[in-house]
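Residue numbers (the working numbering), protein chains in the order written: chain A, 1 to 318; chain B, 319 to 426.
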C-alpha cells in the first residue's frame with residue numbers, strides 16, 4: 001500500500017462518515033422544515049432531541065475530510081477551492097447559520113417570534129448546506145466545475161433526498177411516542193422511494209448531456225456500487241416495514257456509502273477528471289506519512305470519545 | 319497577552335495567599351477577580367493577533383507570501399461582506415439571548 005493510496009482510503013472513510021452522520025443531521029433539519037400534521041410539534045421536538053447531543057460531533061468529519069484533502073492533495077484542493085468557491089461558500093453559509101439557528105431557537109422558547117424565525121432559518125439552512133455540497137460533488141465529477149449545470153444541481157437535490165432518508169431511518173430507534181414513530185416510519189419509506197426517483201435524474205442527465213460522467217458511471221466499480229445501493233434501499237424498506245430499526249440503520253448507511261463509493265471509484269484514479277489524478281495532486285510521501293501518523297494518534301483519542309458520546313446519548317428508546 | 323497572563327498570575331497568587339492564611343478574601347481581591355474575568359480571552363485573542371500580524375508579509379515564513387497565497391476566485395470582497403454581515407447578526411442575536419438567559423427571574 002502506497003502512502004497515496006492510504007490517504008485516499010482515509011479521505012474516503014472521512015467522507016463516508018460525514019455523508020452518513022452529517023447527512024442524518026442535515027436530514028433532521030429537513031424534517032423539521034417539513035413537520036406536518038397533528039403531531040408537528042412532537043415531530044420537531046423529536047428531531048431536536050435526536051440531533052441535540054451529536055450535531056457538533058457529526059461535523060467533525062467534515063473538518064477531518066477537509067484537513068485530509070488539503071494536507072494530502074494540496075494541488076487539487078487549491079484548484080477545487082477556487083473552481084467551486086461559489087457552491088462551497090453557499091454550503092458554508094448553510095452550515096454556519098444552521099448550527100447557530102439550532103442553538104438560538106432552543107434558547108428562545110419563550111420568545112415565539114424569534115423562535116419561529118430561527119426555526120425557519122434552521123430548516124432552510126438544512127436544505128442549503130447538503131444541496132450545495134451535493135452540487136459541488138456533481139460539479140467536480142464533470143471536471144469543469146460546472147456547478148450551475150443541470151447535472152450538478154440534480155446531484156444537489158439527490159444529496160438532500162438522501163439526507164432526509166438517512167435521518168428518517170436513524171431517528172426511528174430513538175422515538176418513544178408511537179404516533180411520531182409511525183409518522184417517521186411512513187417518511188422513511190417515502191423518502192427511500194424519493195431517493196430512487198431523484199437519483200435517476202442525474203443518471204438520465206449524465207446519459208444525455210455529460211458524456212465524461214456517463215463513462216465513469218459505466219465503470220464496473222460504479223455499476224456494482226449502484227446495485228449495492230439499490231439492494232440496500234430495498235433492505236431499508238423491508239427493515240423499516242418490519243420494525244427492524246437497527247438493521248435499517250446499517251442498510252441506509254450502506255446505501256449512502258455505496259453511492260459515494262460509486263462516484264469515487266467510478267472516476268478513479270482521477271480526483272478531478274481531466275485535471276488531477278490521486279498521484280498528480282498528492283503531497284510528498286513524507287508529508288502524507290506524517291499526516292497518517294498524526295491521524296492515527298488523533299483516532300486513539302477521538303474514536304473512544306465518540307463511542308462514549310453515542311453510548312450515552314444514543315441508547316435505544318425502547 | 320503577556321500583561322494579561324501576568325495579571326491573572328498575580329490575582330491567583332493573591333487568592334492562594336489569602337486561602338493559605340485562612341483569611342476572608344478582601345473586597346479589593348474580589349474586585350480584581352471580577353475584573354480579571356475577560357483577561358483569559360483577551361490574552362488568547364492578543365496571542366492570535368501577534369502570530370497573524372507578526373509574520374507578515376509571509377503566510378509561511380520564508381516560503382510563501384500572503385499576497386501569493388490568496389485565492390484567485392472572484393467576488394472575494396462580496397463574500398467578505400456577506401460573511402461579516404452574517405456574523406454581526408449572529409453576534410447580536412447571541413448577545414440579546416444571553417441577556418434574556420441571564421435576566422433575574424420575575425416572580426408573578
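All C-beta atoms in this analysis are idealised placements derived from N, C-alpha and C, irrespective of residue type, glycine included.
- In the three-state reduction of the DSSP assignment, residue 382 of chain B falls in the strand class.
- Taking all protein chains in view, the Cβ of residue 386 of chain B is surrounded by fewer than 16 other Cβ atoms within 10 Å, so the residue is classified as exposed.
- Residue 270 of chain A: not part of any alpha helix (DSSP H); member of the beta strand (DSSP E) spanning 270-272, first to last residue.
- DSSP places residue 405 of chain B within a helical segment (H, G or I) once states are collapsed to three.
- Among the CB atoms of chain A, none fall inside 7 Å of the CB of residue 384 of chain B.
- Residue 266 of chain A counts as buried, since no fewer than 16 other beta carbons sit within 10 angstroms of its beta carbon.
- With a cutoff of 7 Å on beta-carbon distance, residue 175 of chain A and residue 45 of chain A are scored as not near each other.
- Neighbours of residue 108 of chain A in chain B, taken as residues at a C-beta separation under 7 Å, are given in chain order as 415.
- Residue-level contact check: residue 402 of chain B does not touch chain A, since none of the beta carbons of chain A fall below 7 Å from its beta carbon.
- Bridge pairing for residue 126 of chain A: absent [DSSP].
- If you draw a straight line from the Cα of residue 6 of chain A to the Cα of residue 68 of chain A, it comes to about 11 Å.
- If you draw a 10 Å sphere on the C-beta of residue 308 of chain A, you find fewer than 16 other C-beta atoms in it, and that means exposed.
- Residue-level contact by beta carbon holds for residue 408 of chain B and chain A, with a gap shorter than 7 Å.
- One thing to note: residue 4 of chain A has its Cβ within 7 Å of the Cβ of residue 282 of chain A.
- If you look at residue 147 of chain A, you'll find it isn't in any alpha helix (DSSP H); DSSP assigns it neither H nor E.
- Annotation: the stretch 172-225 of chain A contains the following complete segments of the alpha helix (DSSP H) (minimum length 4 residues), in chain order: 178-209, 211-217.
- In this structure, A:71 is the residue among A:32, A:182, A:71, A:60 with its C-alpha nearest to the C-alpha of residue 293 of chain A.
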